[in-house]
Amino acid sequence: MKPMTTRSPHGHRPDRRLPPALLPALLVALIPFVVVVVDTSRRALADVIHLEGGGKVRGEIVRQTDREVIIKTPAGLSVIPRDEIASIEKASDPKADYAKKAKALRSSQKADAHFELGMWAKKKKLVDESKESFRRAIELDHDHEDARAELGYRKHAGKWLDEEEYKQDVLGLVWFDGQWVNASDADKLRQGFVKNDKGQWTRPDLERDEPGGDDYARSTPKPSGGASSPKLPGGGSTGRPSSGAGGSSVPRGLPKPGSGGNGGRGWGGFPRPGGGGRGAAPAGPKEDTDWYNDNSGVPWEQASTYSSKYYDIKSNVKDEYLKRYGKMMDQYYVKFKGVFKHFMPKGEIRRSPIWIYKSQQEFMSREGMSQGVGGFYSSGNKRVTGYHGRFGMNGTTRTVLAHEGTHQFEDIVLQGGFYRAPIWILEGLAVFFESAYYDLEKNKVEIGNVPADRLSNLKRGIRNNSTIPLTDLIRTPQPSFTAYHYAHAWGLIYMMLYFNGDEKARKRNNKVFTDLFFMAKTKRVSPEDVEAIFGGRDKFLKFEEEWKKWIADLPYDFDPKKNK
1437 MKPMTTRSPH
1447 GHRPDRRLPP
1457 ALLPALLVAL
1467 IPFVVVVVDT
1477 SRRALADVIH
1487 LEGGGKVRGE
1497 IVRQTDREVI
1507 IKTPAGLSVI
1517 PRDEIASIEK
1527 ASDPKADYAK
1537 KAKALRSSQK
1547 ADAHFELGMW
1557 AKKKKLVDES
1567 KESFRRAIEL
1577 DHDHEDARAE
1587 LGYRKHAGKW
1597 LDEEEYKQDV
1607 LGLVWFDGQW
1617 VNASDADKLR
1627 QGFVKNDKGQ
1637 WTRPDLERDE
1647 PGGDDYARST
1657 PKPSGGASSP
1667 KLPGGGSTGR
1677 PSSGAGGSSV
1687 PRGLPKPGSG
1697 GNGGRGWGGF
1707 PRPGGGGRGA
1717 APAGPKEDTD
1727 WYNDNSGVPW
1737 EQASTYSSKY
1747 YDIKSNVKDE
1757 YLKRYGKMMD
1767 QYYVKFKGVF
1777 KHFMPKGEIR
1787 RSPIWIYKSQ
1797 QEFMSREGMS
1807 QGVGGFYSSG
1817 NKRVTGYHGR
1827 FGMNGTTRTV
1837 LAHEGTHQFE
1847 DIVLQGGFYR
1857 APIWILEGLA
1867 VFFESAYYDL
1877 EKNKVEIGNV
1887 PADRLSNLKR
1897 GIRNNSTIPL
1907 TDLIRTPQPS
1917 FTAYHYAHAW
1927 GLIYMMLYFN
1937 GDEKARKRNN
1947 KVFTDLFFMA
1957 KTKRVSPEDV
1967 EAIFGGRDKF
1977 LKFEEEWKKW
1987 IADLPYDFDP
1997 KKNK
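Under the numbering used here, the first residue of the sequence shown carries the number 1437, and numbering increases by one thereafter.
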């Protein structure tokens, strides 16, 4: 007789069905195979059937009879005869077990009992439940050392401190960007500093800056081969060695000097220094800087502190220089108060600390700074630190103290909100005060001077349609701030302070400046907050066009006193 066949939609094929008598034997034979599959994807909680032959089947037992056990596995339902089963291990739910144990201990006043339950829960990897029991143990016994230790407490000066309190109060650490660091390091990290391979603090974002960069936090390698750094309009400098004709560093997206078919003229159409002609950036007032060449003094261990009216200045320079710094910074303080008069805190303000090392080498050695850093402000100890001497091509101790001293004063008026304020305001104001002129003979600080290199960069950007969109500027974090950002930030502050257009716009600018500063006292000011204070994004974009037009027309010799 021919074998039986069954017809399918695809044609004829042999009937592959097994005789019924062979099914139980096949099921048992396949059980080890099923175990392998289930083991790789088993649930956290599962019943386990131990087979006589040594295998295991994991899953959820859904039915049991005297003859068989039905268990649900990821592969489906399996029916296992009783005579093939060695034992059955029912799943245990640690959370349910903990709940039962905790309920039984609810009325117990024994701290050790709750601690032991916590340890049991810890072994079962019940983190939250274990902590709950440890905390209950502490409630019953305030000085239960083992429970305290499990929760991360440490005893200091007779007081139990959790991990966060210990790191803050005892070790003086602060939480920054997902890690605990000391307050001084946190300040530097917020300002964009990083440690190089030598363990020195540096600002890599500004070390690759363009001409007119921030002179206080970028590297200024010495020119090789006797070549000097190319000068900017107004006597500025790239702060970098020359790399050949037309090869100096320039702002991102801007043409290199002498390029663009401008008849051999310099930066974006402006005549080179000394070339004369309309639009040239004039040199600023001549300032006496010879005294910065004298690095004589005493070892830092013998440094003196001079208390002026507003500052406590510690330095190991000559006494006459120390007092000169005190008088100079007092004059800056008066100017600071004039600009921030609406934000001054009530009550007496303590003198602000300043440290000035007698040389750059000493500053680098003691503060762990690289050669590219001229000074810094630490909001942790409220101190400005710098050195006596020159920095880069045009920077001096005065410009460093003016810049970082601005940050110090901003921290005073913001009363803890320093890092809540927009970075473009903080740095724009710092560049504004850095650009002041100090008359040594008259001991007088004149603010409002136009920094020729910053303005030249902005005018060039406007001319070439390569300015940074203000919607991007207000969203740029400190580590990404370049010299071109500093120029924009200065330009915004300068317009807010000295806009000489219609009275309505002047009042608007003053209100924006005031509202942003007051907001920073209570919350972190977001880019959206900035746009909202201007009246919305559309009005902010309209302001940007007004700002660019004002900057484009701003003369290098602009005198705020004559343009009120």
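Don't be surprised by glycine CBs; every beta carbon is placed ideally from N, CA and C.
For a test of the three-state rule: what should DSSP assign to residue i, helix, strand or coil?
| i | result |
| --- | --- |
| Glu1737 | helix |
| Gln1851 | coil |
| Glu1980 | helix |
| Asp1483 | strand |
| Arg1626 | helix |
| Gly1822 | strand |
| Val1498 | strand |
| Tyr1934 | helix |
| Asp1726 | helix |
| Lys1878 | coil |
| Glu1784 | coil |
| Thr1950 | helix |
| Gly1662 | Confidence is the limiting factor: at Gly1662 the pLDDT is only 33, short of 50, which leaves the residue's position unreliable, though a coordinate-based value still follows. In the structure shown, Gly1662 sits in coil (DSSP, three-state: anything other than H, G, I, E or B). |
| Gly1831 | strand |
| Lys1531 | helix |
| Lys1631 | strand |
| Lys1546 | coil |
| Asp1536 | Asp is not the amino acid found at residue 1536; the sequence shown has Lys there. It is helical. |
| Tyr1746 | coil |
| Lys1492 | strand |
What's the C-alpha gap between residue i and residue j?
| i | j | result |
| --- | --- | --- |
| Lys1997 | Val1881 | 14 Å |
| Arg1590 | Asp1908 | 46 Å |
| Trp1736 | His1580 | 49 Å |
| Asp1623 | Thr1725 | 30 Å |
| Lys1984 | Ser1788 | 37 Å |
| Trp1791 | Asp1613 | 28 Å |
| Asp1548 | Gly1822 | 57 Å |
| Asp1993 | Arg1911 | 31 Å |
| Asn1885 | Ala1919 | 18 Å |
| Arg1584 | Lys1959 | 35 Å |
| Lys1957 | Asn1901 | 36 Å |
| Lys1794 | Leu1576 | 60 Å |
| Asn1830 | Ala1941 | 35 Å |
| Ser1732 | Val1948 | 47 Å |
| Lys1546 | Lys1531 | 22 Å |
| Val1515 | Ile1524 | 14 Å |
| Met1931 | Glu1601 | 45 Å |
Give the DSSP bridge partners of residue i, in chain order.
| i | result |
| --- | --- |
| Ser1751 | Ser1740 and Ile1792 |
| Gly1512 | Thr1509 |
| Lys1771 | In DSSP, Lys1771 forms no bridge with anything. |
| Trp1596 | Lys1591 |
| Glu1525 | Val1484 |
| Ser1814 | Arg1819 |
| Asn1618 | Leu1609 |
| Pro1517 | Glu1504 |
So is residue i buried or exposed if we call it buried at 16+ other beta carbons inside 10 Å?
| i | result |
| --- | --- |
| Phe1976 | buried |
| Pro1781 | exposed |
| Gly1512 | exposed |
| Asp1755 | exposed |
| Trp1611 | exposed |
| Thr1501 | exposed |
| Asp1995 | exposed |
| Leu1607 | exposed |
| Thr1741 | exposed |
| Gly1403 | Since the first residue of the chain shown is 1437 and the last is 2000, residue 1403 is not available in this structure. |
| Gly1852 | exposed |
| Arg1542 | exposed |
| Pro1905 | exposed |
| Ser1566 | buried |
| Lys1878 | exposed |
| His1921 | buried |
| Gln1796 | buried |
| Gly1828 | buried |
| Lys1667 | In this predicted model, Lys1667 has a pLDDT of only 31, less than 50, meaning its place in the structure is not dependable; the value taken from the coordinates is given anyway. Lys1667 is buried by the Cβ-count criterion. |
Using a threshold of 8 Å, state whether the C-beta atoms of residue i and residue j are closer than that.
| i | j | result |
| --- | --- | --- |
| Gln1914 | Gly1588 | no |
| Tyr1768 | Gly1841 | yes |
| Ala1923 | Arg1890 | yes |
| Trp1637 | Ser1806 | yes |
| Ile1521 | Ile1485 | yes |
| Arg1494 | Thr1509 | yes |
| Leu1952 | Pro1858 | yes |
Would the C-beta of residue i count as close to the ligand COA, meaning under 7 Å from any of its heavy atoms?
| i | result |
| --- | --- |
| Lys1763 | Questions concerning the ligand COA fall outside what the structure shown contains, since it holds no ligand whatsoever. |
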